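Inspection log for the structure reproduced underneath, given as structure tokens.
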Amino acid sequence: MIALVLTMVWNRRGQATVLALLALFGVTAAVAAPAFLRAADRAVAAGQVANAQPSELSLEILSQQLDHRHDAPGTPTSDVSLPNTGAALTNMPGFKYVYAVEYPTVGLDPNDQNRTRFVYRQQVCEHVTIVAGRCLAGESDLVIGAETAARLHVKAGDSIALSFAVHVKGPPPAFVADGAPKSFLVAGIYKVAHPDDVYWGPHDYFTAGGEPAFAGSASLTSMDKGGVETTLDGYAGPGALSVDRLPAIRAGLVQLRANATQLGPGLQLSSGLSTLMTRIDQGRTAAHSIVPVLAVCLVLLTCLTIFLAVGYGTEGRRPELAVVALRGARWGQRWWLATGENLVAILIGSIVGCLTGQLVVNVFAAWRFPGVGADAGLSSLRWAPVAAGAALLTALAAERRQLATPVAELLRRVPLAARTGRAIAAEVVVVLLAAVAVVQLSLTGGELTGVGSFATGLVVLAAALVAGRLLLPWATVIARRALRDGRLGAGLAGFQLSRRPGAIRLFALLVAAVAVAGYAAGAVDVANRGRGVQAGLGTGADRVLTVAPVGRQALLEAVRTADPTGRYAMGVVRVTPDKRHPPVLAVDSTRLAAVADWPADGPRVAEAARLLHPAVAPAPLLKGDNLSFDITTEGFPDGKEVTVTAVVSPIGDLSDEFVRLGVMRAGRHTYSYELPQCAPGCYLNSMQIEGGEGSTDVSGKLTLHGMSGTPAGPMTAPGRWWGGAGGTVQPATGGVLFNVTSLNGLPDGMHVQPADTPLPLPVASAGNSDGPVTSGLDTRDVPISHVAQIPAVPGLGAPATLVDLDYLAKMADDGAQSISEVWLTSDAPPSVRDGLAKAGLVITDDLTSAQVRRQLDEQGPALALWFYVIVAVLATALAAGALVLSAAVDRARRVEDLSALRGQGLSRSALRTATLWTYPVLVAVAVVAGVLIARLGWLLTGWALPLAGLDPPPIPLPGSPHPLVLAAAGVVMFLVLALVAVLSGRRTLRLIR
């Protein structure tokens, strides 16, 4: 019996091959999904490690050694000696460790406000480049940084004396020697090629403001020193943070914390490893949620294809099954002869699919995840038996009806009448399951687990079945109309589709395949555009330079000097967050249109910039290195005098200055203040009027007549000044009157400012258009007017507020410096950054949108979507295989029928139309329906896919596929399937005589 079945397989090897291929595709999907997830896990871990900060790849164990120079001999200490206890702290698998000692010294830098970091660090000579002299060799050798050497005019071969130092608060604050000096030889001058290398740990050795002086271990014992800082830095070696080792790393970190606690409170353990591993876990979780969605779709599609293919094949073997029944074969023999041929093909395809699934992932991983590998293993086969079993059960279900059909019916050439009622009932069940899955997905908030992971597959399958049930019957209507119109070819093609058993399922299969491919293309498109928005709008500009604290007006001036054209650079300050108000971004709005990444669906950036920066009168400009203020004071009782402080912004200086005029004396006086920075000019930002400590009910009047020889007359126009709480401001004869009514409850006093800014301050709002105030740079509330509504503020998202930095800085009177940013365009020339450095700005970080995009591309969601490309290819192959098998099964009967019609006078053109256009037309309609169903499936389930990456910024991301992407996917599917259909039709046409 087995030999007979194998003979049947060989005689119909074409159909068997197609069926085996269909089973192969299904099992390939079942094997490829876990295999791909395994490869994606490794790629996620590798990508996160590659983009991690050094602090996330290392750990630091710190022990402060106290000053024991004055302790009596034999006095016990609580210090923890890292060299003696290091063995208990170096248990992290795959980590390398570096011992280091550091303390401050003086003697190299003549400025006593700067200390020289004296550092011993193991293996330092292997990680620096000596540009002059040599590296460490002797007990008194020292190497210093090239920038330090150039700044202090030190060269290799010089001798210097260093002393241990301590910091005193002063005034003025300074580092002072607290130990005997020791002579050192400057053995060499070094540079560091990679200051962000994980070897250097979290010590910030090479940040702005200084480089350490490195010495050998012998120098530690020979130098008179007090308390020092000792550290044991561990950093991950190659492969230490691969996905397989993460459990051991977690266990090692827990044990390390326990050991550090046991050794005493003198040890401090800090590490960013937990943060890194959390990100890796989040990326893996996202990938494990995304991949199964279309893997399930593909398995369901495979089952539908096999059901259709087996049903078609069994339909073509009806006379053969009738002969077997007439010869009196037993029921078991009939089942084996009927199903054996298909089961053997499916079994062979399943076995090969186990290998093919892993091979596909191996090839794909080698291309897309180079250096990571797919890590093949038996765990990838865990779903293969399920997929193979589903294929076998589907084949048995497809053959059940033919085996139960009486012999008389099997001998007839008329196809069995479709059991429409049962078919519709089954389709209704599928529709109900899809509805339940969608509701479940919605109720769980988009959790792609359990039934939720089947939602997309069920929706696609249900919609495809409904489309087949609704659309295919129109083929009969169109065929009849074509016959009435004399178009025989079109009529015969239409009847071939409408009267073919299983035609509805074939159409549904094609629709579902197109929908799956369209859904995959849509997911890739939405995620790709989302990552682009995150990298651009989320970063704010093509390049963002973080700048050390600097005065706000000084920032604007430095940027404008470095980029006088206004095309490449823009000063930015992120206002300190305030829980009462949305985040605020202050920008130089005159450059906003040229530099910032602007939300695509917002108002025109040029119009928004114009609204943020309306024209106003300029601020008073004071010139001279000795500022003077002509003020009349009256009405303040004895003991309740006030002090006045002016805040000015010197032109060309990096910080604001306070002009402290002191206590106001009764009558008219001129108050002077020496400030050389104002020789080129200073803009007056504000004046602060404060009462004495503990005084209450302070009231009186101050009249400002002039400043530094500049009369106040031009500034006496109504609205030229404005004041805060505590009093009023109004024009007066010969000046400006500051009427102080009460300073109660105002610890900072009354603030008076020139009205060189619009009030209320115009802002552009994202997600918050009703607040009357926002946070200022000095933490005081600033009245605002919402002049524009935008979807998101660049670099912040929504809710957030965008304001003009120039105006917001003038409204602040704290004179403080802010951590600032300079945003650059992608084509900004190097001269712009050089100009910023010449202006005194210290750049502490450099981030580009391209960097952010690369990081996003290495996260779990982006990597998981590559599996959707594989799914789209396999779905196309399934549909093509179904077309080939359908045409092959139909070929003999169609050749016989059309040959007879040809003998009765059917024209050659009509014959070509009936033969070549049957399936291409079916494909065209299926593609249109499939694209629409892909869109429907996305609306119902696509929102649940975690495509946005890890910790996405609060910015509006694309939520739907672009119509052109879905259309392009449909066109590609049509071209492939139509080509298959035409080639199959041409083969049938050649056989017709």
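Under this note's numbering, the residue at position 743 of the sequence shown is numbered 979, and the numbers go up by one with no gaps.
Just so you know, even glycine gets a beta-carbon here, dropped at the ideal spot from N, CA and C.
Please read all numbers here as calculations on a predicted model, not as lab measurements.
- Residue pairing by DSSP puts T782 in a beta bridge opposite E1057 and D1081.
- H304 sits in coil when the DSSP states are folded into three classes, being neither helix nor strand.
- The way I'd put it, the segment 1217-1225 doesn't touch the segment 804-812; fewer than three beta-carbon pairs between them come closer than 8 Å.
- Looking only at D432, I1079 and T946, the smallest Cα-Cα distance to L857 is reached by T946.
- Taking a contact as a CB-CB distance under 8 Å, the pair L792 and D460 does not count as one, their CB atoms being some 49 Å apart.
- The residues A1034 and P1035, in chain order, have a CB closer than 6 Å to that of G1003 in the same chain once the five nearest residues on each side in sequence are set aside.
- Every unbroken stretch of the beta strand (DSSP E) spanning 3 or more residues and falling wholly within the segment 1063-1111 is given here in chain order: 1079-1084.
- Distance from the CA of A1028 to the CA of K391, rounded to the nearest whole angstrom, comes to 53 Å.
- Across the set L372, R493, P474 and I516, the C-alpha of L372 shows the shortest separation from the C-alpha of F450.
- At least 9 Å separates the beta-carbon of G860 from that of G927.
- In the three-state DSSP reduction, Q1140 falls in the coil class, being neither helix nor strand.
- At the C-beta level, T466 and Q358 stay beyond 9 Å of one another.
- In this structure, the alpha-carbon of I526 lies about 21 Å from that of A602.
- Counting C-beta pairs with one atom in each stretch, the segment 421-441 and the segment 358-367 have three or more that are closer than 8 Å, which means they touch.
- The bridge partners DSSP lists for E296 are D469 and S506.
- Out of G960, I297, R305 and N347, the CA that lies nearest to the CA of G415 is found in R305.
- Beta-bridge pairing by DSSP links F411 to H403.
- Contiguous beta strand (DSSP E) elements confined to the segment 876-923 occur at 878-886, 893-899 and 903-910, taking only those with 3 or more residues.
- Residue R779 holds the alpha-carbon nearest to the alpha-carbon of P1065 among P309, R779 and N347.
- Around the Cβ of H389, a 10 Å sphere holds fewer than 16 other Cβ atoms; the residue is exposed.
- Here A523 is not near A266, since their CB atoms are 9 Å or more apart.
- Taking each of D824, T592 and A751 in turn and checking the Cα distance to K1046, the smallest one comes out for D824.
- Nearest neighbour of L746 by Cα position, chosen from A1116, L257 and A784, turns out to be A1116.
- V1159 is the residue among P1190, L1176 and V1159 whose C-alpha sits nearest the C-alpha of L1211.
- If only complete runs of 3 or more residues are kept, the segment 333-367 shows the beta strand (DSSP E) at 352-357, in order along the chain.
- Boundaries of the alpha helix (DSSP H) harbouring F743: A739 to G772, taken from the DSSP string.
- Secondary structure at H987: strand, using DSSP grouped into helix, strand and coil.
- Counting only runs of at least 4 residues, the segment 1154-1182 fully encloses the following alpha helix (DSSP H) elements, listed from N- to C-terminal order: 1154-1177.
- For F420, the uninterrupted beta strand (DSSP E) segment begins and ends at K418 to K427.
- The criterion of a C-beta distance shorter than 9 Å is satisfied by Q1095 and L1186.
- With respect to the 9 Å criterion, V880 and L897 are classified as neighbours on the basis of their beta carbons.
- With 16 or more other CB atoms across the displayed protein chains lying within 10 angstroms of its CB, W1059 is buried.
- Boundaries around V379 are those of the beta strand (DSSP E), D377 to G381, since no alpha helix (DSSP H) includes it.
- For H1198, the CB contacts under 7 Å within the same chain, skipping 5 residues up- and downstream, are D761 in chain order.
- By the neighbour-count definition (other C-beta atoms within 10 Å, threshold 16), G903 is an exposed residue.
- When secondary structure is reduced to three states using DSSP, A805 falls in the strand class.
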